[in-house]
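**Q** Take a look at this one; I'll ask things after.
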Amino acid sequence: DGGITQSPKYLFRKEGQNVTLSCEQNLNHDAMYWYRQDPGQGLRLIYYSQIVNDFQKGDIAEGYSVSREKKESFPLTVTSAQKNPTAFYLCASSTWGQGNQPQHFGDGTRLSIL
Amino acid sequence: AQRVTQPEKLLSVFKGAPVELKCNYSYSGSPELFWYVQYSRQRLQLLLRHISRESIKGFTADLNKGETSFHLKKPFAQEEDSAMYYCALSMDSSYKLIFGSGTRLLVRP
Numbered sequence: 001d002g003g004i005t006q007s008p009k010y011l012f013r014k015e016g017q018n019v020t021l022s023c024e025q026n027l028n029h030d031a032m033y034w035y036r037q038d039p040g041q042g043l044r045l046i047y048y049s050q051i052v053n054d055f056q057k058g059d060i061a062e063g064y065s066v067s068r069e070k071k072e073s074f075p076l077t078v079t080s081a082q083k084n085p086t087a088f089y090l091c092a093s094s095t096w097g098q099g100n101q102p103q104h105f106g107d108g109t110r111l112s113i114l
Numbered sequence: 115a116q117r118v119t120q121p122e123k124l125l126s127v128f129k130g131a132p133v134e135l136k137c138n139y140s141y142s143g144s145p146e147l148f149w150y151v152q153y154s155r156q157r158l159q160l161l162l163r164h165i166s167r168e169s170i171k172g173f174t175a176d177l178n179k180g181e182t183s184f185h186l187k188k189p190f191a192q193e194e195d196s197a198m199y200y201c202a203l204s205m206d207s208s209y210k211l212i213f214g215s216g217t218r219l220l221v222r223p
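This is how it looks when you write it as structure tokens:
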């Protein structure tokens, strides 16, 4: 089904390397989000964007960067500055409206260090 | 600091038994609470939100501001309810969600 597409499903990174995780949505949602999930923990917000060309840091933004050049796309770059990047990464999107609108999630990308 | 606590990592019940998944939050402002669910091999999805005051798949949740809780309940569990459940908090209608660590519900036949 459509909605939110994350790629790749699995990604391996070498030490000192930057990698970019893709997130595309065809829901016409204004807001997009990146979360990190570690074993036994809930989802933690990395970055979010409410509108094109604007984004905000979440709780754990250090070592990550994003861009929002198109409404449909919100790629996440895991930089070499992120010392513990091994995790499961989830992208989400939602409409813009009064109050918190339900977030729609992708299937996730699992990043591992070689 | 704002926090969502789900004290049980795993909750195992028999089919037909009542279920209560606990969620407590810490936030002094005006909270919005949500339950998200992830079934096996499916995406994380919204189950219900407190402002809707609705029952979804037989589940209900009542926001108790005095006890700062938002427990998820179902009177008779079904095997298809087996999934990972996350409680989430939004503060003052912001876009930011704070998630609990999740509870895995296992409904045995």
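Protein chains in written order, with the working numbering: chain L, 1 to 114; chain E, 115 to 223. Cβ coordinates follow ideal geometry from the N, Cα and C atoms, glycine included.
1) Listed from N- to C-terminal order along the chain, which residues in the stretch 80-114 of chain L have their beta-carbon within a distance smaller than 9 Å of any beta-carbon of chain E?
2) Could you have a look at E134 of chain E and say whether DSSP puts it in helix, strand or coil?
3) What is the residue span of the beta strand (DSSP E) that V52 of chain L lies within?
4) Considering only DSSP beta bridges, list what N84 of chain L is partnered with.
5) Look at L158 of chain E and W149 of chain E and say whether their C-beta atoms are less than 8 Å apart.
6) Helix or strand or just coil, what does DSSP make of E194 of chain E?
7) Find out if the Cβ-Cβ distance for the pair Y89 of chain L, G58 of chain L is shorter than 8 Å.
8) Measure the C-alpha to C-alpha separation of G130 of chain E and I60 of chain L and round it to an integer number of angstroms.
9) Are the stretch 10-28 of chain L and the stretch 39-58 of chain L in contact at 8 Å, needing three or more beta carbon pairs?
10) Taking only three categories from DSSP, how would you classify H29 of chain L?
11) If contacts are defined as beta-carbon pairs under 8 Å, then V133 of chain E and K171 of chain E qualify, I think. What distance do you get, rounded to the angstrom?
12) Looking at the C-beta of Y200 of chain E, does it have a partner C-beta in chain L at a distance below 8 Å?
13) Note down the Cα distance separating P39 of chain L from E168 of chain E, rounded to an integer number of angstroms.
**A** Result, derived from the coordinates:
1) Taking 9 Å as the Cβ-Cβ cut-off against chain E, the residues of the stretch 80-114 of chain L that qualify are L90, A92, S94, W96, Q98, G99, N100, Q101, P102, Q103, H104, F105, G106, D107, G108.
2) strand
3) Element bounds for V52 of chain L: n/a, residue is neither H nor E.
4) According to DSSP, which records beta bridges pairwise, N84 of chain L is partnered with nothing at all.
5) no
6) helix
7) no
8) 41 Å
9) no
10) coil
11) In fact, because the Cβ distance is near 11 Å, the residues do not count as touching under 8 Å.
12) Interface residue, yes.
13) 31 Å
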